[in-house]
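Accompanying notes for the structure given below.
There are 2 protein chains.
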Amino acid sequence: MTVSYVHCIQPLRVSSKTHLCFSGGRCREDRRKSSCLVFASASKSDVNLILQSKVEVLLDSVKWDDKGLAVAIAQNVDTGAILMQGFTNRDALATTISSRKATFYSRSRSTLWTKGETSKNFINVHDIFLDCDRDSIIYLGKPDGPTCHTGSETCYYTSIFDHLKDQEVEGNRLALTTLYSLESTISQRKAELAAPENGKPSWTKRLLLDDNLLCSKIREEADELCRTLEENEDKSRTASEMADVLYHAIVLLTLKNVKAEEVLEVLRQRFSKSGIEEKRSRKPKK
Amino acid sequence: MTVSYVHCIQPLRVSSKTHLCFSGGRCREDRRKSSCLVFASASKSDVNLILQSKVEVLLDSVKWDDKGLAVAIAQNVDTGAILMQGFTNRDALATTISSRKATFYSRSRSTLWTKGETSKNFINVHDIFLDCDRDSIIYLGKPDGPTCHTGSETCYYTSIFDHLKDQEVEGNRLALTTLYSLESTISQRKAELAAPENGKPSWTKRLLLDDNLLCSKIREEADELCRTLEENEDKSRTASEMADVLYHAIVLLTLKNVKAEEVLEVLRQRFSKSGIEEKRSRKPKK
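Taken in order, these protein sequences are the chains called G and D. Per the UniProt record's numbering, the first sequence starts with residue 1, numbered consecutively. Per the UniProt record's numbering, the second sequence starts with residue 1, numbered consecutively.
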C-alpha cells in the first residue's frame, strides 16, 4: 500500500535531528532534547497539525493485526544487533515517532511501555522502517545500556545449536554477527593470556603479546590492500586483504579496550555532520 | 525456563557443520549437504532418537502463543541486516533446525513455507537464537539472494522519517546500519562522478578520482592507528584512527566493486576453519 499525502496542505521538511511534536496525547516533551518546528510561513499550531495529519496517514497505512498490533524489532544502529522484539500498536508507534524512544505495547499488562522507563536504558530511535507488508517494524536506534532485563546486552543469548550440541550448556552466547563474533573470539584469547599454556600460542595470541609484530602486520596488510588497487589485482584478493586488515586491526582495538561499536559510532557521528563541521570538532592530532 | 535434558541418555556432540536429521516427518534430506551422525557406540537410529528427543525438549521450552506461534526474524549473519520477519510454529522451527533453511508458518495460507522454495533464494541458517522470554527467535543465516518478494535485498525499505520529511518520497532506502549506510553513501558518490559538477568535489570524490591519494591515505591512517598503540595514546584516538582506516578502506572497496559483506564472508569462513586449514586454502600471494 502506498502512503497518500492528500491530507497534507503544504510541503514540509523535518530534519532527521528534529523531534516531532504533535498533539497525540502521549508526546513526551523532553525540553532539553526535543524542539518543535517553527516555520516563517506557518504558526507552530499549523505545523503541528500538518505533522499530526502526516503521522495519522502513516499510522493508517500500517497493517495492524486483529488485536491492533504489529511486530516491532529494536536494532542497534551501529552494530546491527537485534536488541529485543516486542509488539507495537498505533499509540506506541506514534509515541516512538514523537519521543524517539522505542515504545511498545505490553500484551500482558495491556499498556504502553517505553523501554528504559524503569532501567533508564532507553533505545534512542534514529529511524523507523516498515516492511513490504507494512506489518513489521524496525526501530533502528542506539541503546543507552544493556537492553535485556537480565542485564544482557540483547535479549538473544540462547543458541539452539549450542543446546543441541552439549548436554550441559556452558554459559550464554549472544547472537553475534561475523565482525562481533570475531571480536568476541579475540577478546577470549586476550583473557586466556593470563593462564599458562602448553604448546605454541595461536597467531592471535602472538599478536596480542607482541605490539611490534602486530603493528608491522597492520602496516603490511594495509599496504597489500592498496596494492590490490595499484596493481589491478582481482576482487577476491581485495576482499582477502581487507579481511586481513580488519582482523589485525581488531586485535589492536582489543588490546586498547576499544569496541568495534565505538568505532562505528565515531563514523556515524562524522557522517551525520558536514565535512567541515566534522573536521572542526575533531581533537587536534599530536 | 531452563531446558532439561532428562530425556537424553548419553552425551552427544553435534558439529555446527553437521546437519541434524531426525524423524520429524519434515526433515528435507539433501544428500549433497547433510549427513546423519554415526557414532561408534550408537547406531544411526539411536542417534536419531536422541537428537529427536533433544529437539522435542527444546521445542517444548518455547513459549508458543495461543495460536501456537512465535515471532521469527531472519538476520544476515555477516552484515546483521534484518532480512524479513515471519512467524514460526513447532513444525516450522523443527524443519529449520533439521534442514538449516529458514522456514516459517504462513498465517494467511495456514501452511509451512521455506523461504526460497519458489524463488530459490533460501536463507541458509547458521544458528538459531531464542530470546530471554523464549517467544522470539532469530534465524541467523546467509541469504542465497534478495529476500523480499519485490526483489529488494531485505523487506525493510520504507523509512517512516523519510515519509514524514518529504511530500514525495524519492525511491526506497533500505534499513542500513552505520557501516552499510556509509558504504551506500560512498557508492552514490561514485555514481555521481559521471555527472558534471560545479565547485570543489567532496573529499570522498577526490579519493575516488585519485588512486595515489587514496592509497597514501590508507597507508597513513593505518600507520596512525598503529601509533595509538605504540605511543600509548588514549582510547578515543584509537577509535578515531580506526574510523579513518575503515572509511578510506571502504572507498577502495567501492572502487574495486567489493562489498563489505564479501569481506565479512571471507572473515567468517576463515574463522570457522582452523588456522592451518585456512592458510592452506588461501590463494598464493603474488
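Yeah, the Cβ is synthetic: ideal placement off N, Cα and C, and Gly gets one too.
Beta-carbon proximity list for residue i, same chain, < 7 Å, skipping 5 on both sides
i                      : result
residue 222 of chain G : 245
residue 229 of chain G : none
residue 92 of chain G  : 103, 104, 105, 112
residue 261 of chain D : 78, 79
residue 30 of chain D  : Summary for residue 30 of chain D: the model assigns pLDDT 37, below 50, so the residue's position carries little reliability, and this model does not support an answer.
Per DSSP, cross-strand counterpart(s) of residue i
i                      : result
residue 75 of chain G  : G:82, G:140
residue 124 of chain G : G:101, G:142
residue 70 of chain G  : G:88
residue 129 of chain D : G:159, D:138
residue 106 of chain D : D:111
Beta-carbon spacing of residue i, residue j below 8 Å
i                      : j                      : result
residue 189 of chain G : residue 165 of chain G : no
residue 186 of chain D : residue 97 of chain D  : no
residue 253 of chain G : residue 179 of chain D : no
residue 258 of chain D : residue 243 of chain G : no
residue 80 of chain G  : residue 81 of chain D  : yes
residue 129 of chain G : residue 159 of chain D : yes
residue 215 of chain G : residue 226 of chain D : yes
residue 176 of chain D : residue 184 of chain D : yes
Own chain partners of residue i with C-beta closer than 6 Å, once the 5 adjacent residues on each side are dropped
i                      : result
residue 172 of chain G : 157
residue 115 of chain D : 102, 123
residue 224 of chain G : 241
residue 126 of chain G : 77, 140, 141
residue 231 of chain D : none
Own chain residues within Cβ distance below 8 Å of residue i, not counting five before or after
i                      : result
residue 63 of chain G  : 1, 70, 133, 134, 135
residue 90 of chain D  : 59, 62, 64, 68
residue 201 of chain D : 209
residue 211 of chain G : 255
residue 207 of chain D : 213, 214, 217, 248, 251
residue 121 of chain G : 115, 143, 144, 145, 146, 147
residue 268 of chain G : 77, 78
residue 198 of chain G : none
residue 233 of chain D : 227
Near the ligand ATP: residue i beta-carbon under 7 Å from a heavy atom
i                      : result
residue 136 of chain D : Ligands are entirely absent from the displayed structure, and the ligand ATP is therefore not among its contents.
Mind the definition here: the segment 61-80 of chain G touches the segment 135-147 of chain G only if three or more C-beta pairs lie below 8 Å; say whether that holds.
yes
Below 8 Å, how does it come out for the segment 150-159 of chain D and the segment 83-98 of chain D: are there three or more Cβ pairs, yes or no?
yes
Would you call the segment 48-62 of chain D and the segment 235-243 of chain D touching, i.e. three or more CB-CB distances under 8 Å?
no
Taking only beta carbons into account, state which residues of the segment 150-166 of chain G come closer than 9 Å to chain D, listed in chain order.
150, 152, 154, 155, 156, 157, 158, 159, 160, 161, 162, 163, 164, 165, 166
Give, in chain order, every residue of the segment 234-257 of chain D whose Cβ lies closer than 8 Å to some Cβ of chain G.
235, 236, 237, 238, 239, 240, 242, 243, 245, 246, 247, 249, 252, 253, 255, 256, 257
Return the residues of the segment 62-80 of chain D that lie within a Cβ-Cβ distance of less than 8 Å from chain G, sorted by chain order.
Those residues of the segment 62-80 of chain D that come within reach of chain G (Cβ to Cβ, closer than 8 Å) are 71, 73, 75, 76, 77, 78, 79, 80.
Tell me which residues of the segment 200-217 of chain G have at least one Cβ-Cβ distance to chain D shorter than 9 Å, keeping chain order.
202, 203, 204, 211, 212, 214, 215, 216
Selection of the segment 85-112 of chain D by Cβ proximity to chain G, strictly under 7 Å:
85, 97
Give me the subset of the segment 176-188 of chain D whose CB atoms are less than 7 Å from a CB atom of chain G, sorted by chain position.
Only those residues of the segment 176-188 of chain D whose C-beta falls short of 7 Å from the nearest C-beta of chain G are listed: 177, 178, 179, 182, 185.
Residues, ordered as in the chain, of the segment 130-144 of chain G that lie near chain D by beta-carbon distance below 7 Å
130, 131, 132, 136, 138, 140
Give the residues from the segment 45-61 of chain D that approach chain G closer than 8 Å (Cβ to any Cβ), ordered along the chain.
51, 54, 55, 58
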